[in-house]
Amino acid sequence: MKTRLILITLLYLFGMHSTHAQTMNWKTLGESKHIVNVGFGWDHSLSYNVGYVYQIKSKLPLILNANFSIPSGDNLVDDFKTKIGGQLVVLNNEKLKGSVSLHGIFRRYENPLVRLVNFGSEMKGVFGYYKTNYFVAGEFGFDKAIVTHFKHSELFKDNVYAEVTDGWYQPSTGGNFNYGIQTGYSFSRYDLTLNIGKVVTQDFKTTPLIPFYFMLGFNYKLK
Amino acid sequence: MNLKILTITAMTCVLSMSCENEQYINKSGNLVPKTVEEDPNLPSVVVNGTVLHAEAHGNSVNPMVVFLHGGPGSDYRNGLNAKQLAESGYYVVFYDQRGTGLSKRHPKESYSIQLYLDDLAAVIQYYRTSANQKVFLFGHSWGAMLTAAYINAYPDRIDGAIFAEAGGFNKQLLDEYGETSRRLKLLAETTSDVFYYDQFLTGREKDHEILDYKMALASSFSYAKGNEEGVETASPFWRNGAVVLRAFVDISENDGFDFTTNLNQYATQTLFLYGENNKSYGLKFAQKEAAFFSNTEIVQIDDTGHEMIHSKWNLVYPVVVDYLNKLN
């Protein structure tokens, strides 16, 4: 209980809410304490990610996880996203399960014109049907950009806007809703997972340039 | 427990630091310059129910050359080299088209091709000092498409036209040009540069400041290394018009367009320019577009690409002046 309170407090301080959280087959989680995962897919760019999951002993399944992802490109470290947070199963029937996840995000973007650093948050709810060798569930999430730092290059100042104001920008610089399905196949100590869905911006009227996401993942339960 | 306290303290500091200087992304002047509506010091004209950022150079009684910038949704800053035509005896007029550059923004539903033609007619009328003053159009990219649209609608109003790599006089040609010039490579850095910030920079359809800024960031795609259009380096602009771009993309996709139906009625010689290094355009595409006219001259501008007016004006200028002087 104390652990859960600390987690919730931490998540609240991050101002967290979540989207592409760790995709798990809750039915096969069992006593596994350490899980690693890798994945790739389209998440506002063709991206690759690695993650680590730690299961906390509690009455309901509860995991903490950290994730690091980078998009494709020549410069591998100019853009990235890190997430840290947790997921809690709040509905834990034999086959029907529902979970909520909260994650804090730190991400960076750079192109020849600007460097952006953002603190954001993700919240996600998942409800679905779980068996020992497969699962299928619906997911709905919200990714909120809380505060963003802008640092423009000389190229931007020379060719676009010399008086641009650098610094931290808030209130929020944006947000996206995500909804779709997640499914997976489990065998031995492994899960193969797939998330696929649509993205709309927070006004529900506009979309990103590519309004879809998909993520193929692979989980390995260490012990 | 110390680690937990440290984490909480660090996050609290980050959040409180960020609160010290509250800056709004959707406020003009922060990330994008103010428009003529917000800055009365900018040169402007009030025409056809809008306010356009505009300026003119040279003697106002001289033959008029109206420069039409690219886009839709760019501005005339990268065409300012054409001011030099004033030294050769021309009255050179620049304006940012409705909804882009530093001109006034309007709702997306209000834009149409006809409205843009009416704006152009109104600008010509505003600056024209006599009924017999000759008027030439000098269009770059989308501006050259707009030039064709104007001549197609009003074949008897214009005394000559220069087309610098029009992106397609009809939907079919636009698609053909777009397929090669804007091809995205999935694994390339330029692709991430265009899409990745969508996750934390979003704006509603009326949030012009945010949408225009995002479009500015995407401009790095146009001059990325190895780009098909042979663009050497960043060319300057003030502010993009994201909403007007979306409006015209929708018009193109939903209604299509054809600016060629009357072009064969235009007997005056026209000038087509293309950059040697633009792999998407070239002589073949110039010939396709020129074929809609009965009397044309096609000139290659060496060692440059789509941004020839900015990058190789020293080569463009004599060709343009020769052409104008022949018709003057």
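Protein chains in written order, with the working numbering: chain A, 516 to 738; chain B, 23 to 350. All C-beta atoms in this analysis are idealised placements derived from N, C-alpha and C, irrespective of residue type, glycine included.
For A:A581, the three-state secondary structure derived from DSSP is strand.
B:T292 is bridged by DSSP to B:A183, B:T318. In this structure, the straight-line span from the alpha carbon of B:L305 to that of B:P129 is close to 38 angstroms.
Interface with chain A (8 angstroms Cβ-Cβ cutoff): B:A210 is included. Per the coordinates, the alpha-carbon of B:Y149 lies some 18 angstroms from the alpha-carbon of B:L102. When DSSP reads this structure, A:D658 sits in a beta bridge with A:E637, A:N691.
Classified as exposed, A:F702 has fewer than 16 neighbouring CB atoms from the shown chains inside 10 Å of its CB. In terms of beta-carbon proximity, A:K720 lines the interface with chain B, with at least one pair separated by less than 8 angstroms. Shown in chain order are the members of the stretch 216-227 of chain B whose Cβ falls below 8 angstroms from a Cβ of chain A: V216, F217, Y218, Y219, D220, Q221, F222, L223, T224, G225, R226, E227.
A:M730 and A:D558 have their C-alpha atoms spaced approximately 8 angstroms apart.
Buried is the label assigned to A:Q602, since at least 16 other Cβ atoms lie within 10 Å of its Cβ. The beta-carbon distance between B:Q221 and A:T680, rounded to whole angstroms, is 22 angstroms. This is too long to meet the 8 angstroms contact definition. Taking every protein chain shown into account, the CB of A:F719 has fewer than 16 other CB atoms within 10 angstroms, so this residue is exposed. If only complete runs of 4 or more residues are kept, the stretch 184-217 of chain B shows the alpha helix (DSSP H) at 193-203, 211-217, in order along the chain.
Spanning the alpha carbons of A:L631 and A:V714 requires a straight line of approximately 21 angstroms. For the stretch 641-663 of chain A, the residues whose beta carbon sits under 9 angstroms from a beta carbon of chain B are, in order, D658, K659, A660, I661, V662, T663. In the three-state reduction of the DSSP assignment, A:D706 falls in the strand class. If you compare the alpha carbons of B:E131, B:T57, B:K310, B:N48 with that of B:E187, the shortest gap goes to B:K310. Out of B:G80, B:L90, B:E250, the CA that lies nearest to the CA of B:Y112 is found in B:G80. Here B:G248 is exposed, its C-beta having fewer than 16 other C-beta atoms within 10 Å. If you draw a straight line from the Cα of B:I47 to the Cα of B:Y235, it is about 9 angstroms long.
Here B:R127 is not near B:V271, since their CB atoms are 8 angstroms or more apart. Within chain A, the residues whose beta carbon sits less than 9 angstroms from that of B:E44 are W683, Y684, Q685, P686, listed in sequence order. Look at A:T680: its C-beta is under 8 angstroms from a C-beta on chain B. The alpha helix (DSSP H) runs of length 4 or more contained entirely in the stretch 89-170 of chain B are, from start to end of the chain, 135-149. A:H664 carries a strand assignment under DSSP once its states are collapsed to helix, strand and coil. When 7 angstroms is used as the limit between beta carbons, A:T716 is near these residues of chain B: T224, in chain order.
The Cβ atoms of A:E654 and A:K598 do not sit closer than 8 angstroms to each other. Of the candidates B:V68, B:L74, B:V69, B:L74 places its Cα closest to the Cα of B:K56. B:N52 belongs to the set of residues whose beta carbon lies under 8 angstroms from a beta carbon in chain A. Counting only Cβ-Cβ distances below 8 angstroms, B:P258 has contacts in chain A at D673, N674, V675, in chain order.
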